[in-house]
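The structure appears right after this line, and notes come after that.
Residue numbers (full-length UniProt numbering): 1 to 363.
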């Protein structure tokens with residue numbers, strides 16, 4: 001692994017020394033061979049982080065062929081057992097080396113696809129900063145977000161020609177490392193959708209568009225203008241959202257209620273609610289047919305509804321798992337006479353059983 005990642009000689013010696021400590025530690029002596037292999041990956045990851053090398057846990061997991069959750073559990077046990085304190089690597093620390101992994105130089109691909117690496121780094125860095133302002137970076141794995149940001153940056157630098165190329169086509173053109181996008185394709189698509197949604201919200205706030213429609217598939221044409229005026233557009237988008245909430249909060253059904261004989265009946269009846277006030281997503285979450293793993297939206301009166309950009313943990317929460325009630329069986333329950341009689345064999349059954357047993361012995 002050290003040779004694949006091209007670690008220096010000093011770093012390789014540190015990995016070997018650390019693996020010797022971990023291998024002989026009482027917590028890891030009587031473990032499986034697979035866990036010992038993962039332990040070697042944990043040593044590589046630990047040394048890389050100590051030396052500020054931008055190596056992600058997903059990269060080590062891909063080289064070992066294990067899931068990130070399994071690697072994370074062993075890594076947590078490894079750092080606790082050896083009392084190792086390691087500073088976490090931020091997404092901006094990994095950005096430059098990640099962009100240089102794409103083979104998009106003028107001599108590597110056609111002129112239409114070519115992009116200088118430093119220019120790609122600058123545009124991707126601006127998109128990551130915008131994503132951080134919109135809470136997309138918070139609590140997320142870095143690799144899927146980096147892939148989505150690099151893809152949007154590459155498209156936005158020449159949107160007229162590159163807008164028609166999909167994410168998978170881009171990764172194949174740039175010869176992106178497979179561990180960065182193939183195994184986490186669903187997460188990359190989600191981060192890409194979130195980035196496009198944020199760009200659409202800011203694109204609608206551009207003065208010359210005057211609130212016009214901005215489609216996610218064509219928003220890359222506005223990325224340059226959005227990034228140049230990011231701060232002003234963020235404030236304008238939040239202000240427009242607050243004005244929209246104030247307009248929606250006004251009682252639109254007051255005229256209908258005044259025409260009815262009883263105001264209390266109008267306000268209390270379920271039919272008096274307009275379709276806009278009923279949250280269809282909440283109704284879907286309350287239906288028992290939904291899966292437990294789906295996100296459940298917050299109630300309409302929740303404080304987060306008054307904010308345009310929110311952290312993922314606030315914007316949508318997981319449905320709480322409800323355990324099925326287990327039957328309480330202690331073994332001391334009374335057995336009814338009918339149940340006892342069902343276990344008692346009749347005389348015919350006894351004779352038949354003896355005959356079968358006798359024939360089996362004879363054969």
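Here a beta-carbon is modelled for each residue, glycine too, at the ideal position from N, C-alpha and C.
This one's a predicted model, so the numbers in the text were calculated from it and none came from an experiment.
Start and end of the alpha helix (DSSP H) containing residue 108? By one-based count along the chain shown, residue 108 stands at place 108. Note, residue 108: premise wrong, no alpha helix (DSSP H); not H, not E.
Cβ distance (whole Å) where residue 55 is taken to contact residue 5 below 8 Å: Your numbering for residue 55 matches position 55 in the chain shown. Your numbering for residue 5 matches position 5 in the chain shown. So it is a contact: roughly 6 Å between Cβ atoms.
If you draw a straight line from the alpha carbon of residue 134 to that of residue 128, how long is it in whole angstroms? Stepping through the chain shown from its first residue, residue 134 is reached at position 134. Stepping through the chain shown from its first residue, residue 128 is reached at position 128. About 10 Å.
For residue 250, is the classification buried or exposed, using 16 other Cβ atoms within 10 angstroms of its Cβ as the cut-off for buried? Taking the chain shown and counting its residues from 1, one reaches residue 250 at position 250. Burial call: exposed.
Integer Cβ distance of residue 16 from residue 38, believed to fall under 8 Å: Within the chain shown, numbered from 1, the residue matching residue 16 stands at position 16. Within the chain shown, numbered from 1, the residue matching residue 38 stands at position 38. At roughly 16 Å, the Cβ-Cβ gap does not stay under 8 Å, so residue 16 and residue 38 are not in contact.
What separation, rounded to the nearest whole angstrom, lies between the Cα atoms of residue 225 and residue 142? Within the chain shown, residue 225 is the residue found at index 225, counting from 1. Within the chain shown, residue 142 is the residue found at index 142, counting from 1. If you take the alpha carbons of residue 225 and residue 142, they lie about 26 Å apart.
Around the Cβ of residue 59, are there at least 16 other Cβ atoms within 10 angstroms (buried) or fewer (exposed)? Walking along the chain shown from the start, residue 59 turns up at place 59. So residue 59 ends up on the buried side.
Do three or more CB pairs link the stretch 146-161 to the stretch 204-211 at distances below 8 Å? no
Going by other Cβ atoms of all chains shown within 10 Å of its Cβ, with 16 needed for buried, is residue 365 buried or exposed? Outside the modelled stretch of the chain, which goes from 1 to 363, sits residue 365, for which no answer is possible.
How long is the line joining the alpha carbons of residue 114 and residue 130, rounded to whole angstroms? For this step, residue 114 is matched to residue 114 along the chain shown. For this step, residue 130 is matched to residue 130 along the chain shown. So the two alpha carbons sit approximately 24 Å from each other.
So the candidates are 242, 307, 152, 158; which of them puts its Cα closest to the Cα of residue 188? Taking the first residue of the chain shown as position 1, residue 188 is located at position 188. Per the C-alpha coordinates, the member of 242, 307, 152, 158 positioned closest to residue 188 is 152.
Counting C-beta neighbours from all protein chains within 10 Å, is the total for residue 29 16 or more, i.e. buried, or is it exposed? Numbered from 1 along the chain shown, position 29 holds the residue referred to as residue 29. Its Cβ having fewer than 16 others within 10 Å, residue 29 is exposed.
Within 10 angstroms of its Cβ, does residue 80 collect 16 or more other Cβ (buried), or is it exposed? Locating residue 80 in the chain shown gives position 80, where the first residue counts as 1. Residue 80 is exposed by the Cβ-count criterion.
Write down every uninterrupted run of the alpha helix (DSSP H) in the stretch 177-235 whose length is 4 residues or greater and which is fully enclosed by it, in chain order. 178-181, 185-203, 223-228
Between the CA atoms of residue 121 and residue 21 - distance to the nearest angstrom: In the chain shown, the residue the question calls residue 21 occupies position 21. In the chain shown, the residue the question calls residue 121 occupies position 121. Cα to Cα, the separation comes out at about 39 Å.
Inter-residue CB distance, residue 123 and residue 87 (contact presumed, cutoff 8 Å): Within the chain shown, numbered from 1, the residue matching residue 123 stands at position 123. Within the chain shown, numbered from 1, the residue matching residue 87 stands at position 87. Rounded, the Cβ-Cβ distance is 27 Å, inconsistent with contact.
Contacts around residue 97, its chain only, beta-carbon distance under 6 Å, and the 5 residues preceding and following it disregarded: Residue numbering aside, residue 97 sits at position 97 when the chain shown is read from its first letter. Closer than 6 Å at the Cβ level, and outside the excluded window around residue 97, lie 54.
Between residue 87 and the ligand HEM, is there a pair consisting of the residue's CB and a ligand heavy atom that are separated by less than 8 Å? Here there are no bound small molecules, and the ligand HEM is not part of this structure.
For residue 1 and residue 65, believed in contact at Cβ under 8 Å, the rounded distance: Translated into positions along the chain shown, residue 65 becomes position 65. Translated into positions along the chain shown, residue 1 becomes position 1. Contact doesn't hold; Cβ gap of about 12 Å is too wide.
Could you have a look at residue 164 and say whether DSSP puts it in helix, strand or coil? Position 164 of the chain shown, counted from the first residue, corresponds to residue 164. Note: residue 164 maps to coil in three-state DSSP.
At what residues does the alpha helix (DSSP H) containing residue 396 begin and finish? The structure shown has nothing for residue 396, since the chain only spans 1 to 363.
Residue 34 - containing alpha helix (DSSP H), residue span: As a working mapping, residue 34 is identified with position 34 in the chain shown. Taken as a continuous stretch (DSSP letters only), the alpha helix (DSSP H) holding residue 34 covers 33-50.
Residues in its own chain within less than 7 Å of residue 72 by CB, not counting five upstream and five downstream? Within the chain shown, the letter at position 72 stands for residue 72. Excluding positions up to five away in sequence, the list reads 57.
Please say whether residue 104 and residue 18 have beta carbons closer to each other than 9 Å? As a working note, residue 18 is residue 18 in the chain shown. As a working note, residue 104 is residue 104 in the chain shown. No, these two residues do not count as a Cβ contact at 9 Å.
Closest by C-alpha distance to residue 24, when choosing among 36, 3, 245: The sequence position of residue 24 within the chain shown is 24, counting from 1. The residue with the shortest Cα to Cα distance from residue 24 is 36.
Measuring alpha carbon to alpha carbon, tell me which residue in 223, 157, 144 is nearest residue 364. Residue 364 is absent from the structure shown; the chain starts at 1 and stops at 363.
What span of residues does the alpha helix (DSSP H) with residue 155 cover, start to end? Indexing the chain shown from 1 puts residue 155 at position 155. Start and end: 142-156.
Separation of residue 248 from residue 236, as counted between CA atoms: The sequence position of residue 236 within the chain shown is 236, counting from 1. The sequence position of residue 248 within the chain shown is 248, counting from 1. Straight-line Cα distance between these residues: approximately 18 Å.
If you measure between the beta carbons of residue 308 and residue 241, is that distance less than 9 Å? Position 308 of the chain shown, counting from 1, holds the residue named residue 308. Position 241 of the chain shown, counting from 1, holds the residue named residue 241. The answer is yes: Cβ separation under 9 Å.
Rounded C-beta distance between residue 116 and residue 100? I'm assuming under 8 Å. Position 116 of the chain shown, counting from 1, holds the residue named residue 116. Position 100 of the chain shown, counting from 1, holds the residue named residue 100. Rounded, the Cβ-Cβ distance is 11 Å, inconsistent with contact.
Check whether the Cβ atoms of residue 126 and residue 230 lie closer than 9 Å to each other. Residue mapping note: residue 126 aligns to position 126 of the chain shown, counting from 1. Residue mapping note: residue 230 aligns to position 230 of the chain shown, counting from 1. Contact: yes.
Grouping DSSP H, G and I as helix and E and B as strand, with all else coil, what is residue 83? The count along the chain shown starts at 1 and reaches residue 83 at position 83. Three-state DSSP puts residue 83 in coil, outside helix and strand.
Three-way DSSP call (helix, strand, coil) for residue 118 in this model: Within the chain shown, the letter at position 118 stands for residue 118. DSSP places residue 118 in helix when its eight states are reduced to three.
Where the alpha helix (DSSP H) containing residue 64 begins and where it ends: Looking up residue 64 in the chain shown gives position 64. For residue 64, the uninterrupted alpha helix (DSSP H) run begins and ends at 57-64, by DSSP.
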